[in-house]
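Novice: Counting in this note's numbering, the sequence shown runs from 32 upward without gaps.
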Amino acid sequence: MPVFNEVKTIDTIVKRVLKRPEVYELIIVDDGSTDGTTRKLTMKDKRVKIIFKRRNEGKGAAIITALERATGTHVIIQDADLEYDPDDYQQMVKPILNGNAEVVYGSRFIGPHRDMLFWHKVGNDLINFSIDILFDSIISDCETGYKLIPVTLLKSLKLEAKRFDFEIETTCKILKRGIRIYEVPISYTGREYKDGKKIGFKDGIIALLRVWQYRLFV
(Lines of atoms letter the chains of each structure in order from A and count residues from 1; the text may use other names and numbers.)
(Lines give C-alpha, C1' and ligand atoms only; values in the text may rest on other atoms or scores of the structure.)
Protein backbone atom coordinates (compact mmCIF):
# COMPACT_ATOMS: atom_id res chain seq x y z
CA MET A 1 0.00 0.00 0.00
CA PRO A 2 1.76 3.18 -1.19
CA VAL A 3 0.69 6.12 0.98
CA PHE A 4 1.17 9.84 0.46
CA ASN A 5 -0.89 12.40 2.38
CA GLU A 6 -3.99 10.26 3.02
CA VAL A 7 -4.68 11.25 6.63
CA LYS A 8 -8.46 11.26 6.06
CA THR A 9 -8.69 7.72 4.70
CA ILE A 10 -5.73 5.69 5.98
CA ASP A 11 -7.43 4.28 9.09
CA THR A 12 -10.53 3.21 7.16
CA ILE A 13 -8.72 1.56 4.27
CA VAL A 14 -6.30 -0.35 6.51
CA LYS A 15 -9.22 -1.75 8.54
CA ARG A 16 -11.00 -2.82 5.35
CA VAL A 17 -7.91 -4.54 3.98
CA LEU A 18 -7.20 -6.45 7.20
CA LYS A 19 -10.78 -7.76 7.30
CA ARG A 20 -10.21 -9.68 4.09
CA PRO A 21 -9.34 -13.37 4.63
CA GLU A 22 -7.16 -13.33 1.51
CA VAL A 23 -4.63 -10.96 3.13
CA TYR A 24 -1.47 -12.66 4.36
CA GLU A 25 0.47 -9.46 4.99
CA LEU A 26 0.04 -5.74 4.44
CA ILE A 27 3.12 -3.70 3.59
CA ILE A 28 2.54 0.04 3.94
CA VAL A 29 5.06 2.49 2.51
CA ASP A 30 4.62 6.04 3.76
CA ASP A 31 6.10 7.96 0.84
CA GLY A 32 7.13 11.10 2.71
CA SER A 33 3.68 12.22 3.90
CA THR A 34 3.45 15.72 5.35
CA ASP A 35 -0.21 15.93 6.42
CA GLY A 36 -0.18 13.85 9.60
CA THR A 37 -0.58 10.45 7.93
CA THR A 38 2.71 9.28 9.41
CA ARG A 39 1.46 9.72 12.98
CA LYS A 40 -1.52 7.47 12.23
CA LEU A 41 0.60 4.57 11.06
CA THR A 42 0.80 2.74 14.38
CA MET A 43 -1.09 -0.46 13.51
CA LYS A 44 -0.35 -3.33 15.88
CA ASP A 45 -1.63 -6.17 13.71
CA LYS A 46 1.23 -8.65 13.17
CA ARG A 47 0.45 -8.81 9.47
CA VAL A 48 1.29 -5.14 9.00
CA LYS A 49 4.76 -3.96 8.02
CA ILE A 50 5.35 -0.20 7.82
CA ILE A 51 8.15 1.49 5.92
CA PHE A 52 8.76 5.23 6.28
CA LYS A 53 10.48 7.22 3.54
CA ARG A 54 11.87 10.67 4.31
CA ARG A 55 10.91 12.21 0.97
CA ASN A 56 8.26 11.58 -1.63
CA GLU A 57 9.52 9.60 -4.62
CA GLY A 58 6.28 8.38 -6.19
CA LYS A 59 3.93 5.42 -6.30
CA GLY A 60 6.24 3.19 -8.33
CA ALA A 61 9.18 3.81 -6.01
CA ALA A 62 7.02 2.96 -2.99
CA ILE A 63 5.89 -0.31 -4.58
CA ILE A 64 9.44 -1.29 -5.50
CA THR A 65 10.45 -0.66 -1.88
CA ALA A 66 7.58 -2.78 -0.55
CA LEU A 67 8.34 -5.59 -2.98
CA GLU A 68 11.72 -6.11 -1.32
CA ARG A 69 9.89 -7.03 1.90
CA ALA A 70 7.12 -9.17 0.39
CA THR A 71 7.00 -12.77 1.64
CA GLY A 72 3.63 -13.92 0.26
CA THR A 73 3.00 -15.68 -3.05
CA HIS A 74 1.09 -12.88 -4.78
CA VAL A 75 0.94 -9.09 -4.63
CA ILE A 76 -2.11 -6.88 -4.99
CA ILE A 77 -1.59 -3.14 -4.87
CA GLN A 78 -4.03 -1.18 -2.72
CA ASP A 79 -4.17 2.60 -2.94
CA ALA A 80 -4.64 4.34 0.40
CA ASP A 81 -7.67 6.34 -0.68
CA LEU A 82 -11.15 4.81 -0.89
CA GLU A 83 -11.46 4.54 -4.68
CA TYR A 84 -10.98 0.75 -4.63
CA ASP A 85 -12.91 -1.69 -2.46
CA PRO A 86 -10.95 -4.54 -0.79
CA ASP A 87 -14.12 -6.67 -0.93
CA ASP A 88 -13.21 -7.15 -4.60
CA TYR A 89 -10.17 -9.22 -3.60
CA GLN A 90 -12.39 -12.30 -3.67
CA GLN A 91 -13.28 -11.57 -7.30
CA MET A 92 -9.63 -11.03 -8.16
CA VAL A 93 -8.39 -14.26 -6.59
CA LYS A 94 -10.89 -16.62 -8.24
CA PRO A 95 -9.16 -16.96 -11.65
CA ILE A 96 -5.86 -17.73 -9.88
CA LEU A 97 -7.39 -20.41 -7.66
CA ASN A 98 -9.22 -21.93 -10.63
CA GLY A 99 -6.01 -22.14 -12.63
CA ASN A 100 -7.37 -19.87 -15.35
CA ALA A 101 -4.89 -17.03 -14.98
CA GLU A 102 -1.39 -16.07 -13.88
CA VAL A 103 -2.02 -12.32 -13.73
CA VAL A 104 -5.36 -10.70 -12.92
CA TYR A 105 -6.39 -7.05 -13.37
CA GLY A 106 -9.50 -5.55 -11.82
CA SER A 107 -11.14 -3.40 -14.49
CA ARG A 108 -12.94 -0.22 -13.48
CA PHE A 109 -14.69 0.01 -16.82
CA ILE A 110 -16.46 -3.36 -16.96
CA GLY A 111 -17.69 -3.20 -13.37
CA PRO A 112 -19.99 -0.84 -11.44
CA HIS A 113 -18.48 2.59 -11.00
CA ARG A 114 -19.30 6.17 -10.16
CA ASP A 115 -19.27 8.73 -12.98
CA MET A 116 -15.62 9.44 -13.88
CA LEU A 117 -13.78 12.55 -15.03
CA PHE A 118 -14.20 12.79 -18.83
CA TRP A 119 -10.58 13.53 -19.72
CA HIS A 120 -9.35 10.76 -17.45
CA LYS A 121 -11.53 8.33 -19.39
CA VAL A 122 -10.24 9.67 -22.73
CA GLY A 123 -6.65 9.30 -21.52
CA ASN A 124 -7.27 5.74 -20.34
CA ASP A 125 -8.86 4.83 -23.67
CA LEU A 126 -5.88 6.17 -25.63
CA ILE A 127 -3.40 4.31 -23.44
CA ASN A 128 -5.35 1.03 -23.59
CA PHE A 129 -5.74 1.35 -27.38
CA SER A 130 -2.00 1.95 -27.83
CA ILE A 131 -1.15 -1.11 -25.74
CA ASP A 132 -3.65 -3.27 -27.61
CA ILE A 133 -2.15 -2.32 -30.98
CA LEU A 134 1.48 -2.64 -29.98
CA PHE A 135 1.15 -5.83 -27.91
CA ASP A 136 -1.70 -7.56 -29.78
CA SER A 137 -3.94 -7.63 -26.74
CA ILE A 138 -7.39 -6.52 -25.62
CA ILE A 139 -7.22 -4.79 -22.25
CA SER A 140 -9.91 -2.46 -20.93
CA ASP A 141 -7.97 -0.96 -18.02
CA CYS A 142 -4.17 -1.15 -17.92
CA GLU A 143 -4.05 1.80 -15.50
CA THR A 144 -6.13 0.06 -12.85
CA GLY A 145 -4.76 0.14 -9.34
CA TYR A 146 -5.85 -3.46 -8.75
CA LYS A 147 -3.23 -5.78 -10.22
CA LEU A 148 -2.81 -9.30 -8.80
CA ILE A 149 0.62 -10.65 -9.76
CA PRO A 150 2.85 -13.47 -8.48
CA VAL A 151 5.64 -12.06 -6.32
CA THR A 152 8.33 -13.96 -8.24
CA LEU A 153 7.04 -12.60 -11.56
CA LEU A 154 6.81 -9.00 -10.34
CA LYS A 155 10.35 -9.14 -8.94
CA SER A 156 11.68 -10.62 -12.16
CA LEU A 157 10.38 -7.65 -14.18
CA LYS A 158 13.12 -5.49 -12.63
CA LEU A 159 10.83 -2.48 -12.37
CA GLU A 160 12.32 1.01 -12.56
CA ALA A 161 9.38 3.43 -12.95
CA LYS A 162 9.06 5.60 -9.85
CA ARG A 163 5.78 7.37 -10.41
CA PHE A 164 2.39 6.53 -11.95
CA ASP A 165 4.13 5.11 -15.05
CA PHE A 166 4.65 2.03 -12.89
CA GLU A 167 1.30 0.82 -14.25
CA ILE A 168 2.53 1.06 -17.84
CA GLU A 169 5.91 -0.55 -17.19
CA THR A 170 4.31 -3.49 -15.39
CA THR A 171 1.67 -4.10 -18.05
CA CYS A 172 4.02 -3.80 -21.01
CA LYS A 173 6.69 -6.05 -19.51
CA ILE A 174 4.11 -8.71 -18.63
CA LEU A 175 2.62 -8.67 -22.15
CA LYS A 176 6.08 -8.68 -23.74
CA ARG A 177 6.69 -12.02 -22.01
CA GLY A 178 3.64 -13.46 -23.71
CA ILE A 179 1.57 -13.61 -20.53
CA ARG A 180 -2.12 -12.95 -21.11
CA ILE A 181 -3.80 -10.70 -18.54
CA TYR A 182 -7.13 -11.86 -17.13
CA GLU A 183 -9.57 -9.04 -16.32
CA VAL A 184 -12.44 -9.14 -13.84
CA PRO A 185 -14.98 -6.41 -13.04
CA ILE A 186 -14.44 -4.39 -9.87
CA SER A 187 -16.31 -1.51 -8.28
CA TYR A 188 -14.75 1.96 -8.40
CA THR A 189 -15.49 5.24 -6.65
CA GLY A 190 -13.25 7.82 -8.28
CA ARG A 191 -12.15 10.93 -6.44
CA GLU A 192 -12.16 14.54 -7.64
CA TYR A 193 -9.02 16.69 -7.50
CA LYS A 194 -10.54 18.61 -4.59
CA ASP A 195 -10.65 15.31 -2.70
CA GLY A 196 -6.95 14.68 -3.19
CA LYS A 197 -6.71 12.92 -6.57
CA LYS A 198 -3.09 13.21 -7.70
CA ILE A 199 -2.79 11.81 -11.24
CA GLY A 200 -3.16 14.40 -13.99
CA PHE A 201 -2.74 15.33 -17.67
CA LYS A 202 1.06 15.24 -17.53
CA ASP A 203 0.97 11.67 -16.19
CA GLY A 204 -1.23 10.66 -19.13
CA ILE A 205 1.24 12.03 -21.68
CA ILE A 206 4.12 10.28 -19.94
CA ALA A 207 2.13 7.04 -19.93
CA LEU A 208 1.57 7.17 -23.71
CA LEU A 209 5.26 7.78 -24.34
CA ARG A 210 6.19 4.93 -22.01
CA VAL A 211 4.01 2.47 -23.95
CA TRP A 212 6.08 3.07 -27.08
CA GLN A 213 9.32 3.04 -25.10
CA TYR A 214 8.62 -0.39 -23.58
CA ARG A 215 7.47 -1.82 -26.91
CA LEU A 216 10.42 -0.62 -28.98
CA PHE A 217 13.39 -0.24 -26.66
CA VAL A 218 13.02 -2.41 -23.55
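Glycine included, every Cβ here is placed at the ideal spot set by N, Cα and C.
Starting from the Cα of residue 94, find the closest Cα among 243, 207, 194 and give me that residue.
Specialist: Comparing Cα positions, the closest option is 194.
Novice: DSSP on residue 36, reduced to helix/strand/coil?
Specialist: Coil.
Novice: Which residue from 33, 109, 34, 63 puts its Cα closest to that of residue 179?
Specialist: Comparing Cα positions, the closest option is 109.
Novice: Should residue 44 be labelled buried (16 or more other beta-carbon atoms within 10 Å of its own) or exposed?
Specialist: Buried is the call here.
Novice: Does the count of Cβ pairs from the segment 170-185 and the segment 71-84 closer than 8 angstroms reach three?
Specialist: Contact between the segment 170-185 and the segment 71-84 is absent, because fewer than three Cβ pairs lie under 8 angstroms.
Novice: When DSSP labels each residue in this structure, what does residue 112 get in the three-state scheme?
Specialist: DSSP places residue 112 in coil when its eight states are reduced to three.
Novice: Please report whether the beta-carbon of residue 172 lies at a distance below 8 angstroms from any beta-carbon of chain B.
Specialist: Looking at the structure shown, chain B is missing, and only one protein chain is on hand.
Novice: Taking contact to mean at least 3 C-beta pairs separated by less than 8 angstroms, is the segment 199-219 in contact with the segment 95-107?
Specialist: These segments do not touch.
Novice: When DSSP builds the beta bridges, which residues end up paired with residue 214?
Specialist: Answer by DSSP bridge pairing, in chain order: 136.
Novice: Quick check: residue 38 and residue 68, are their CB atoms within less than 8 angstroms of each other?
Specialist: Contact: yes.
Novice: Less than 8 angstroms separating the beta-carbons of residue 61 and residue 84?
Specialist: Going by C-beta atoms, residue 61 is nearer than 8 angstroms to residue 84.
Novice: In the DSSP assignment, find the unbroken alpha helix (DSSP H) run with residue 182 in it and report its ends.
Specialist: Unbroken alpha helix (DSSP H) run through residue 182: 182-187.
Novice: Within its chain, find whatever has a CB closer than 7 angstroms to the CB of residue 102; leave out the 5 residues flanking it on each side and keep chain order.
Specialist: These residues qualify, in order along the chain: 56.
Novice: For residue 200 versus residue 241, is the C-beta spacing smaller than 8 angstroms?
Specialist: Going by C-beta atoms, residue 200 is nearer than 8 angstroms to residue 241.
Novice: Let me make sure I understand the geometry here. Which of 113, 120, 238, 131 has the alpha-carbon closest to that of residue 17?
Specialist: Lying before the first or after the last residue shown, residue 17 is absent from the chain, which here runs from 32 to 249.
Novice: Quick test of your reading: residue 139 and residue 96, contact by CB under 8 angstroms. State the CB separation rounded to the nearest angstrom.
Specialist: 26 angstroms between Cβ atoms; not a contact.
Novice: What does the alpha-carbon distance come out to for the pair residue 154 and residue 235?
Specialist: Using only the alpha carbons, I get a separation of about 6 angstroms.
Novice: Smallest Cα separation from residue 120: which of 206, 248, 216, 80?
Specialist: The shortest C-alpha separation from residue 120 is found at 216.
Novice: So, helix, strand or coil for residue 79, using DSSP?
Specialist: Reduced to three states, the DSSP call for residue 79 is strand.
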